[in-house]
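Undergrad: Using our numbering, the first residue of the sequence shown is number 864, and each one after it goes up by one. Ideal Cβ placement from N, Cα and C applies to all residues, glycine included. Just so you know, these numbers come straight off a predicted model, no measurement behind them.
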Amino acid sequence: MEQRIAWDDLPGPLKRAVEARTGPITRVRVASAGQNSPLAAIIDARDGKVFAKGLPSAHRRVVTQALEAAVAPLVKEISPALLWHFDDVGWNVPGYQYAPGRHADYSPGSPDLDRLVQLMNALSTIKVPDDPRPFKRAEDRWKPYLDDPDTAVVFAGQVLTHSDWTPDNVLIAEHRAWLIDWAWPTLGTAWTDPACWVLRLMASGAHTAHEAERQASRLPAFQAAAPAHIDLFAAVNVRLWDEIANASTSAWTNKMAQAAKSWAACRQAR
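1) Count the other CB atoms within 10 Å of the CB of residue 990; is the residue buried (16 or more) or exposed (fewer)?
2) On the criterion of 16 or more Cβ atoms from any shown chain inside 10 Å, does residue 1078 qualify as buried, or is it exposed?
3) Take residue 1046 and list the residues in its own chain whose beta-carbon comes closer than 6 Å to its own, dropping the five residues that flank it on each side.
4) For residue 960, collect the residues of the same chain with a Cβ closer than 7 Å to its Cβ; drop the 5 residues on either side in sequence, then sort them by chain order.
5) Tell me whether residue 948 sits in a helix, a strand or coil according to DSSP, three-state version.
6) If I measure Cβ to Cβ from residue 1059 and keep anything under 6 Å in the same chain, skipping five residues before and after, which residues do I get?
7) For the segment 898-913 against the segment 868-886, are there 3 or more C-beta pairs whose distance is under 8 Å?
8) So, is the C-beta of residue 903 closer than 8 Å to a C-beta in chain B?
9) Following a CB-centred definition, is residue 997 positioned closer than 7 Å to any heavy atom of the ligand ZN?
10) Within the same chain, show all residues whose beta-carbon is closer than 7 Å to that of residue 900, passing over the 5 residues directly before and after it, in chain order.
11) Using 8 Å for Cβ pairs, my map puts residue 985 next to residue 1043. What's the rounded Cβ distance?
12) Which residues in the same chain have their Cβ closer than 6 Å to the Cβ of residue 1068, if we skip the five residues on either side of it in sequence?
13) What does a CB cutoff of less than 6 Å around residue 934 pick up in its chain, not counting 5 residues either side in sequence?
14) Restricting to Cα atoms, I'd like to know which of 1097, 877, 1120, 1099 is closest to residue 1108.
15) Does the beta-carbon of residue 965 have 16 or more other beta-carbons within 10 angstroms, so that it is buried, or is it exposed?
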């Protein structure tokens, strides 16, 4: 996690580099959600609103901003457009179209769940170029958590997936939803994102495993997936989230680890 830096406390050359791309800045609001970027701000400028986030150029997570830039042209219909991206004055900073909205409500009965289903359906129709570099492949992401790495082949596919469906990554506006923060674009099966959503519904929305799967089953790909493949995915996430929770002091990682265990146990009991 990164300490958020107030706009006035950022280095002068960085602020000038941003303003060179936005036009004269009239107001800056530091974003409250998310903790992965020391710079995260909604900027009012002459040419309109921009959301900018940034990391020092040498930061290990700069690679995730490169991935977000790479996926941006593919997801411009469901995600805010990337307006500019620079690596200068010691900082790596992308600037995005400002997308108004609130973070999604994942609780049972929330009308936002319908918007999530629409968003995942729209994402599932996006065509990926023949050369999908630099996106990671699902079988490579989850292989380290399997006793038999060869079984990771069941996660392989050519569908572009977001894979991080925390409510903070979905903005609900009056007439639409936006998907943001593409730090982990992954090529996988069509059921990958609905399966990732199951864990978030349990951890962030207080759904039971059955309720979460019922929501995910509104996506045809999840409904049609081989049960054994979903069983394996649930088991893999127990190990993944245990590892993350053991290395973190954040309460949400423990919630995810517990959700993964509950989901896997539910599937094993069937």
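TA: For this structure:
1) exposed
2) buried
3) 927
4) 943, 944, 946
5) strand
6) 1026, 1028
7) yes
8) Looking at the structure shown, chain B is missing, and only one protein chain is on hand.
9) Summarising the ligand content, the structure contains no ligands, and the ligand ZN is consequently not present.
10) 865, 916, 917, 918
11) About 14 Å; that fails the 8 Å criterion.
12) 969, 970
13) 1045, 1048
14) 1120
15) exposed
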